[in-house]
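Trainee: The numbers in the working numbering rise by one with no breaks, and the one at position 99 of the sequence shown is 652.
Ideal Cβ placement from N, Cα and C applies to all residues, glycine included.
A single structure is presented below for examination.
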Amino acid sequence: MDIIYRYDPHAPLEIDSPETPQEALDRLAAGNHRFATLVERMQNVTESPDESESVVIPVSPLTMGIPFVSGHMLPQRPYALVLGCSDARAPVEHIFDCGANEIFVVRVAGNVLGLECLGSVDYAVSHLRDSLRTGVVLGHTGCGAVTATVDMYLAPRGVTNLALRHPVRSLVDRIMLAVRAAAQAFQDSGMADELPPEEYRTRLITAASFLNAAVTAFDVQREVRDLVGSDVGVAYGVYNVARSRVSALPLTDDGSSTPTFGSAPASADGLTKLAEEIAARLRDVDRNQQTVYLS
């Protein structure tokens, strides 16, 4: 299989920026669909090496962040702000099939909103408001920070070393709200009593990953509205590392019926309802498919 990056010097160079928050989200969603489709095609060729094909990806100075004239620096004009996790398996630009100068990326373990990250968000919203249309908090399945928080919640005596490590504890403290909300939803649905301990832990990690992204999106939304009102929308999503897809809810099928992004909860009741919806979806996941859908 050949993946070819092709530059046509005669093709028109156009800056097509989204005009509304929804257009910006739609563009990110379309980019993730392209990325996931490319990954799927590569996997198909790997499984059936006799089937060969070529994929041509057009590139231009704009998509590569290269100035048109030597010595000239392009102005910064991202249409989206993405707060993601530092995990090496979740490269934001690849996930959304974005080129240079399209998204302003802030990455920190657990995609939590500490003061340093808040400063970056504040800068993007305040100084790039001419082009910025949306903000997205992007979590991912199998997050180490979320896993550590779930383990502390389930067996606090077994992870006492975290209590003595202030940098790690600062991440865990911020994620614990999402873990507790997920655990309460599991308890209310009866799932906490139905599942074996290891399956309960696996699904709790997944649920907490979604709720953590949603909680952080709520915090980002509040900050954004204080600065620029409702001109910049805020959403959340979780990247499924095994499936290469971003979704607002856990994937329980091929992902075609699940929205890519969800709106940030507007209140505590909104967070509770989201936790209940996530618990209901995870309850239906076949035990034999846990690796595919929850990893």
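Near Arg727, what residues of its chain come up, given a Cβ to Cβ distance below 6 angstroms and the 5 sequence neighbours on each side ignored?
Mentor: Cβ within range, chain order: Val665.
Trainee: Is Tyr632 helix, strand or coil by DSSP?
Mentor: Residue state, collapsed to three classes: coil.
Trainee: Please work out which residues of its chain come closer than 8 angstroms, Cβ to Cβ, to Asp723, disregarding the five sequence neighbours upstream and downstream, and give them in chain order.
Mentor: The displayed chain sequence assigns Ser, not Asp, to residue 723. Excluding residues within five positions, the ones whose Cβ falls inside 8 angstroms are Gly667.
Trainee: Considering just the uninterrupted stretch of the beta strand (DSSP E) at Pro611, what are its terminal residues?
Mentor: Counting along the chain, the beta strand (DSSP E) containing Pro611 begins and ends at 607-612.
Trainee: Under the DSSP definition of a beta bridge, which residues are partnered with Phe691?
Mentor: Note that residue 691 is Leu in the sequence shown, not Phe. Answer is Gly637, Gly790, bridged to Leu691.
Trainee: Ordered along the chain, which non-local residues of its own chain (more than five positions away) have a Cβ less than 7 angstroms from that of Pro818?
Mentor: If we look at Pro818 and ignore the five residues flanking it on each side, its Cβ neighbours are Ala767, Phe771, Leu824, Leu827.
Trainee: Please classify His693 as buried or exposed, where buried requires at least 16 neighbouring CB atoms within 10 angstroms.
Mentor: Looking at its Cβ environment, which holds 16 or more other Cβ atoms inside 10 Å, His693 is buried.
Trainee: I need the DSSP call for Ser816, collapsed to helix, strand or coil.
Mentor: It is a strand residue.
Trainee: Does the beta-carbon distance from Leu591 to Phe814 come in below 7 angstroms?
Mentor: No; because the gap between Cβ atoms is not below 7 angstroms, this pair is not in contact.
Trainee: If you reduce the DSSP assignment to three classes, tell me which class Val732 lands in.
Mentor: Val732: helix per DSSP, three-state reduction.
Trainee: Considering only their Cβ atoms, is the gap separating Ala643 from Tyr792 smaller than 7 angstroms?
Mentor: Closer than 7 angstroms, so yes.
Trainee: Taking Cβ to Cβ, would you say Gly688 is nearer than 7 angstroms to Val785?
Mentor: Contact: yes.
Trainee: Hey, how far is the Cα of Thr755 from the Cα of Glu655?
Mentor: Looking at the two C-alpha atoms, the distance is approximately 34 angstroms.
Trainee: Kindly indicate the opening and closing residues of the beta strand (DSSP E) around Arg686.
Mentor: First-last for Arg686: undefined, no H or E at that position.
Trainee: Taking buried to mean at least 16 other C-beta atoms within 10 Å of its own C-beta, is Asp746 buried or exposed?
Mentor: Per the 10 Å Cβ criterion, exposed.
Trainee: Which partner residues does Ser800 have in the DSSP bridge list?
Mentor: According to DSSP, which records beta bridges pairwise, Ser800 is partnered with Val791.
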